[in-house]
Structure formats: C-alpha cells, structure tokens
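Asker:
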C-alpha cells in the first residue's frame with residue numbers, strides 16, 4: 021500500500037520533469053542532427069536528417085568561435101573576480117570586531133535578488149560615455165571618458181563589472197556559512213603556534229574552505245556560462261560582436277532566424293563544455309560535494 | 003588604540019563597499035523621480051530638483067505596463083503555488099517512502115542539475131507550440147510546475163521527520179494524503195516558505211524563457227516589457243528608470259520582509275558534503 025502511495029506522490033512532479041525537461045533535452049540532441057529551419061517551423065514535412073552537418077558548420081562558423089571566446093573571457097575573468105570579492109566581503113563580515121553585520125549583509129545581498137534585466141538597463145545609463153555616473157566618478161581621478169559599451173575593448177569588462185556587482189553577495193553568503201563552520205579551536209592552536217592573522221588565513225581558513233570553494237566554483241561556472249540577459253539588454257552582442265555570448269548566439273540562431281537545428285547544436289556544445297568543466301573542478305578539488313542549482317539564477321531549471 | 007583604529011578602518015571599508023553596492027539602485031530610484039531630461043543634463047544631478055511621478059504615470063497610462071505587472075504577478079504566484087505542491091509531494095516521497103529504485107532515480111535527478119536549461123528550450127518551444135501554449139500563461143507555467151532543486155530542498159528537510167511520528171499517524175488510521183497534508187506540510191513550513199520565496203523571485207526575474215514563449219505585448223512579463231522598452235525609449239532615461247524601479251521593487255520588498263528565510267535557506271541548502 022505504501023509502495024502505491026509513493027507512486028502517487030512522485031508521479032505529478034516526475035512526469036512534469038520528464039515531459040518538459042528530460043524529453044526536450046533528448047529531443048534537443050535529435051534536433052541538432054536535422055536541418056530544422058524556418059521551413060520546418062512551417063511544416064515538419066520539410067525536416068531532413070543531416071547527421072553531424074550542424075556540428076561541422078559550427079566548427080567552421082567564425083561567429084561560434086567569437087561567441088565561445090567571449091563567453092570564456094567572461095567566465096574566466098568575472099568568475100575568479102566574483103569569487104574573490106565574495107570571499108573578501110565574507111571575511112570582512114565575519115571579523116569579530118564588526119558591528120551591524122546583518123545590515124551590511126543585507127546591503128551586499130541586495131543586488132542578487134534584483135531583476136537582471138532591470139539592473140542591466142540601469143547600468144547601461146551608468147556606463148553612458150557623457151552622462152554616466154561611472155565616467156563622472158573617474159573624471160575626479162583624471163581618467164578620461166571611456167566609451168564603455170561602445171568600445172569593443174571595454175564592452176566585455178563593463179559587463180563583467182556588472183556581473184560582479186550583481187552576484188558577489190550570493191557566494192558571500194555561502195562563504196560566511198563556510199567560515200562559521202570552521203572550529204575556533206583551530207585558530208587557537210594556530211595562534212599558540214605563533215601564526216599571525218595572515219598565516220592563519222592561508223593555513224587554516226583557506227584549506228578549511230576547500231569544500232565551499234568547490235561548490236562556489238561550480239555554481240559560478242555553470243551560471244556564468246549561461247551569460248545572456250546582460251549583452252541582450254546592454255549591447256545586443258556588440259559592438260563588433262565583442263559581447264556575443266554562446267547563449268545569445270543560440271537565441272539569435274534559434275528564435276530570430278529559426279535555424280533550430282543549428283541552435284540545438286550550439287546548445288549541446290554549451291552543455292558538453294559545462295559538464296566537462298564541472299567534472300574537472302570536481303576532480304581538482306577531490307571528493308564530490310553535492311552541487312545544488314543556484315536558486316537566484318534564472319532560466320536554469 | 004591600535005584596536006580602535008582597526009575597528010574604524012574595518013567599518014570604513016565596509017561602509018564604502020556598502021555605498022558602492024547601493025549606488026546603482028539609489029541612482030535608479032532618484033533618476034526615476036527627476037523631471038524628463040534632468041538625469042542626462044550637465045552637472046550630473048544626483049538628486050531630483052523637483053520630485054515628479056510623471057514617469058510612473060506614463061508607465062501605467064501611455065505604456066500600459068500595469069498589464070505586464072499583472073502578468074508577472076499572476077505567473078509568479080501560479081508557478082510558486084503549483085510547484086510548491088508538486089515538489090513537496092515528491093520531496094517527501096523521496097525522503098520518507100521506501101521503494102525500489104528510489105536512490106537511483108534521485109541520483110539521476112541530481113546529476114541532471116548540471117544540464118543547462120537552455121538545452122531544453124528549443125524542443126520545449128516546439129512542443130508547447132503543438133499544444134497551442136505559445137503566447138499563453140501556460141507556456142510559462144508548464145515548465146515551471148516542478149523543479150529538481152525544489153524536490154531536493156524539500157527532501158533534505160523532510161529527512162529529519164521521525165518515522166515514528168508518521169507510523170503513529172498510520173496506526174491512528176490516517177490516510178497517506180492526510181498525513182502529508184496535516185502532518186508533513188506543517189512540519190516543513192520553514193523550508194516551504196524558503197522555497198516559495200526562491201520560486202517567486204526566480205519566476206518574477208526570469209527573462210530568457212518568457213522572452214521566447216511570450217510573443218505579444220499584452221502577455222509580456224515586466225522584464226520582457228522592460229527589455230522591449232529600451233529599444234524604443236532609450237533616450238528617456240527617467241522613464242526607463244521608473245520602469246526598472248517598478249520591476250525591481252516587488253522583489254526587493256519581498257526580500258526585505260522575508261530575508262531570514264531566504265538567507266537561512268541558502269546557507270542550509272548551500273554547502274553539503
């Protein structure tokens with residue numbers, strides 16, 4: 021009887037996940053070996069099997085490599101930067117001497133819960149070369165006006181800065197939890213052994229945070245590879261494709277030009293890259309911490 | 003003396019960091035209240051010379067954003083309620099029922115967390131088109147009705163419910179659904195609140211999927227409407243800031259009211275070895 025009950029409790033959620041996640045994921049792989057285009061959108065009769073043609077096309081498509089390079093730039097600069105800022109904020113917040121911890125934590129966390137599209141719109145204006153607050157601030161330290169979103173060299177750094185601001189509070193909270201779980205005894209022993217604050221940080225805090233680091237790295241990696249709304253709202257991938265990301269390319273190919281077979285190949289390659297990097301970071305850190313999806317990140321089910 | 007200096011420096015650093023963090027949001031609010039053109043006027047006004055609500059009025063009258071706000075609210079509430087029901091049932095079953103293949107199914111679900119949602123989006127769009135769900139509320143609701151993350155969160159919490167409690171209820175003759183409804187759900191209330199906040203905010207803030215599945219202005223959610231407005235009204239800084247405030251404010255208020263649940267949920271669900 022209880023066996024039956026389990027089925028009834030599981031069936032609704034599992035059938036939704038199966039029908040609207042697992043089936044589409046498998047279908048996506050199948051889609052990527054067809055020439056699904058605008059004619060197939062009109063009628064499935066125009067659909068043809070093309071084998072790995074889409075993947076050959078992808079490897080030869082300069083736009084794909086540009087998108088991949090841009091996304092890698094974003095992930096490997098914004099990622100470490102975000103994690104570094106998060107750790108610094110967490111260490112500061114965890115200092116015994118600090119008062120009003122809850123207030124500071126709330127303020128630092130606030131950007132995390134804000135709507136990405138809305139803050140991307142706001143930052144668009146902050147980055148305005150003539151009226152923007154950022155250039156206004158920089159003018160006081162004698163730095164000339166930078167055309168943040170109009171200059172191919174600066175557009176990606178601008179998006180990285182926004183991403184760090186938006187996201188550091190999330191990992192900060194995880195790090196604070198990690199710091200709290202380090203037994204105070206370890207610091208007492210270290211200080212008896214004559215280790216100063218700096219050596220305590222390097223030899224106690226950082227090693228003890230290793231599992232937290234693994235978790236934070238994977239979550240950040242997966243999230244950042246899905247870069248989309250920032251360039252969509254701020255630059256539309258420009259200038260000169262300098263902020264075109266892999267997901268933006270997938271969106272444009274799939275839902276603007278209806279090259280859905282090709283877009284599915286792009287999506288599948290994105291998945292393989294994320295999977296490979298996740299496995300590598302798990303292997304590097306040793307052990308297998310339980311990775312849990314980031315609840316704040318949208319469109320990642 | 004040295005200790006005092008350290009305390010002052012620490013708080014100074016934190017205060018500056020907090021100021022920098024808040025600045026974009028404060029400027030957004032301030033600019034949304036400025037008369038048209040003032041935010042981009044020379045002299046870099048940080049505060050409005052006179053406070054005006056004309057841009058908010060324009061959003062609701064001329065631009066019909068009230069409709070999009072209602073869409074956002076309706077979708078976020080619907081997805082939250084439905085997914086809470088489905089996820090809590092499944093999470094409870096994974097935690098407290100013994101059946102063949104339970105752990106294997108659960109592991110497969112966890113492993114699937116690494117698959118980015120975008121992989122499913124193209125076929126999902128075609129599927130929902132066959133069902134006639136494109137540009138309908140169902141197009142957004144259906145894929146959000148259950149989530150692996152939600153099931154995981156509930157399961158971890160429900161594991162701590164003592165079996166003796168459930169067995170006692172069974173001996174008293176309570177049916178399985180009754181036990182779930184009047185015993186398990188109340189016990190799980192803290193985690194349900196946490197998951198509700200996560201889901202509500204996630205749905206409210208979601209962009210890519212609504213952008214794909216909602217094709218008509220009447221059906222847009224606020225983020226999609228806002229992204230659309232940028233194209234037409236990029237010169238109207240103050241108007242765009244009002245639109246951003248309107249989009250962000252509900253989640254900020256919700257977070258402020260319930261942040262204890264949010265942060266604690268994050269810390270408990272976050273790091274598990």
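Chains as they are written, first to last, in the numbering used here: chain A, 21 to 321; chain B, 3 to 275.
All C-beta atoms in this analysis are idealised placements derived from N, C-alpha and C, irrespective of residue type, glycine included.
(1) Among 14(B), 262(B), 179(B) and 260(B), which residue has its Cα nearest to the Cα of residue 29(A)?
(2) Any C-beta of chain B within less than 8 Å: which residues of the region 251 to 266 of chain A qualify?
(3) Residue 185(A) versus chain B: which residues are under 9 Å apart at the beta carbon?
(4) Leaving aside the five residues before and after residue 92(B) along the sequence, list all residues of the same chain whose C-beta is less than 6 Å from its C-beta, in chain order.
(5) Determine, for residue 69(A), whether the minimum Cβ-Cβ distance to residues of chain B falls below 9 Å.
(6) Quick check: the Cα distance between residue 234(B) and residue 131(B), rounded to an integer number of angstroms?
(7) Can we count residue 222(A) as close to the ligand MG, meaning its CB is less than 8 Å from some heavy atom?
(8) Just verifying my parser: in three-state terms, what is the DSSP assignment at residue 69(A)?
(9) Would a C-beta distance cut-off of 9 Å place residue 118(A) and residue 12(B) closer than the cut-off?
(10) Please say whether residue 94(B) and residue 172(B) have beta carbons closer to each other than 9 Å?
(11) So what's residue 54(A) in DSSP terms, helix, strand or just coil?
(12) Tell me which same chain residues have a C-beta within less than 7 Å of the C-beta of residue 146(B), skipping the five on either side of it?
(13) Looking at residue 301(A): is its Cβ nearer than 9 Å to the Cβ of residue 188(A)?
(14) In chain order, what residues of the region 85 to 101 of chain B put their CB closer than 7 Å to some CB of chain A?
(15) Count the other CB atoms within 10 Å of the CB of residue 267(B); is the residue buried (16 or more) or exposed (fewer)?
(16) Does any C-beta atom of chain B lie closer than 9 Å to the C-beta of residue 148(A)?
(17) Please classify residue 272(B): is it buried, with 16 or more other beta-carbons within 10 angstroms of its beta-carbon, or exposed?
(18) Can you grab the Cα-Cα spacing for the pair residue 186(A) / residue 136(A), in whole Å?
(19) Which runs of the alpha helix (DSSP H), 4 residues or longer, sit entirely within the region 163 to 229 of chain B?
(20) Determine, using beta carbons only, whether residue 36(A) comes closer than 9 Å to chain B.
(21) Would DSSP call residue 250(A) helix, strand or coil?
(22) Looking at chain A, which residues of the region 132 to 153 of chain B have a Cβ within less than 7 Å of any of its Cβ atoms?
(23) If you run the structure through DSSP and keep just helix, strand and coil, what is residue 93(B)?
(24) Pick out whichever of 220(A), 58(A), 273(A) and 299(A) has its Cα sitting closest to the Cα of residue 287(A).
(25) Taking a contact to mean a Cβ-Cβ separation below 9 Å, would you say residue 45(A) touches residue 69(A) in this structure?
(26) Assess, as a yes-or-no matter, whether the region 216 to 235 of chain B is touched by the region 60 to 80 of chain B under the definition of 3 or more beta carbon pairs within less than 8 Å.
(27) Between residue 317(A) and the rest of its own chain, which residues show a CB-CB distance below 7 Å, the 5 nearest in sequence each way excluded?
(28) Within 8 Å, do at least three Cβ pairs link the region 119 to 135 of chain B to the region 50 to 58 of chain B?
(29) Go ahead and pull the three-state DSSP assignment for residue 257(A).
(30) Taking Cβ-Cβ distances below 9 Å as the criterion, which residues of the region 38 to 56 of chain B are in contact with chain E?
(31) Could you check whether the Cβ of residue 48(A) sits closer than 9 Å to any Cβ belonging to chain B?
(32) Residue 239(B) touches chain A at which residues, Cβ-Cβ below 7 Å?
(33) Which residues in the same chain have their Cβ closer than 6 Å to the Cβ of residue 97(B), if we skip the five residues on either side of it in sequence?
(34) What do you reckon, are the CB atoms on residue 241(A) and residue 76(A) nearer than 9 Å?
(35) Quick check: the region 111 to 131 of chain A against the region 191 to 201 of chain B, are there 3 or more CB pairs under 8 Å?
Answerer: According to the data block:
(1) Comparing alpha-carbon positions, the option among 14(B), 262(B), 179(B) and 260(B) lying closest to residue 29(A) turns out to be 179(B).
(2) Under the 8 Å Cβ criterion, the region 251 to 266 of chain A contributes 252 and 253.
(3) Those within 9 Å of residue 185(A) in chain B are 22, 23 and 26.
(4) Excluding sequence neighbours, residue 92(B) sits near 153.
(5) Closer than 9 Å: no.
(6) Between residue 234(B) and residue 131(B), the C-alpha separation is close to 29 Å.
(7) You won't find the ligand MG in this model; it holds no ligand whatsoever.
(8) Residue state, collapsed to three classes: strand.
(9) Taking 9 Å as the Cβ cut-off, residue 118(A) and residue 12(B) qualify as a contacting pair.
(10) It is not a contact, given that the beta carbons lie outside the stated cut-off.
(11) When secondary structure is reduced to three states using DSSP, residue 54(A) falls in the strand class.
(12) Its chain contains 81, 85 and 205 as the residues whose beta carbon lies nearer than 7 Å to that of residue 146(B), once the 5 sequence neighbours on both sides are disregarded; these appear in chain order.
(13) No, these two residues do not count as a Cβ contact at 9 Å.
(14) Residues are counted here when their Cβ sits less than 7 Å from a Cβ of chain A; for the region 85 to 101 of chain B these are 88, 89, 91, 92, 94, 95, 99 and 101, given in chain order.
(15) Buried, since its Cβ has 16 or more Cβ neighbours within 10 Å.
(16) At a cut-off of 9 Å between C-beta atoms, residue 148(A) counts as an interface residue with respect to chain B.
(17) Low confidence applies to residue 272(B): its pLDDT is 48, below 50, so where it sits in the model is not reliable enough to give any reading.
(18) Rounded to whole angstroms, residue 186(A) to residue 136(A) spans 8 Å at the Cα level.
(19) Secondary structure remark: continuous alpha helix (DSSP H) runs of at least 4 residues inside the region 163 to 229 of chain B, in chain order: 165 to 173, 178 to 181, 191 to 207 and 210 to 215.
(20) By the rule that beta-carbons nearer than 9 Å mark a contact, residue 36(A) touches chain B.
(21) Residue 250(A): helix per DSSP, three-state reduction.
(22) Of all residues in the region 132 to 153 of chain B, those with a C-beta nearer than 7 Å to a C-beta of chain A are 144, 145, 147, 148, 149, 150, 151 and 153, reading in chain order.
(23) Residue state, collapsed to three classes: helix.
(24) Residue 287(A) has its Cα closest to that of 273(A), out of 220(A), 58(A), 273(A) and 299(A).
(25) No, Cβ-Cβ distance for residue 45(A) and residue 69(A) is not below 9 Å.
(26) Three or more Cβ pairs closer than 8 Å define a contact, and the region 60 to 80 of chain B meets that threshold against the region 216 to 235 of chain B.
(27) The predicted model places residue 317(A) with a pLDDT of 41, which falls under 50 and marks its position as unreliable; any figure quoted below should be read in that light. These residues qualify, in order along the chain: 243.
(28) These segments do not touch.
(29) Residue 257(A) carries a coil assignment under DSSP once its states are collapsed to helix, strand and coil.
(30) The structure shown contains no chain E; its protein chains are A and B.
(31) Yes, because at least one Cβ of chain B sits closer than 9 Å to the Cβ of residue 48(A).
(32) The contacting residues are 145.
(33) Annotation for residue 97(B): 157, 160 and 161 place their beta carbon closer than 6 Å to its own, counting only its chain and skipping 5 residues before and after.
(34) In this structure, residue 76(A) does not lie closer than 9 Å to residue 241(A) by Cβ.
(35) These segments do not touch.
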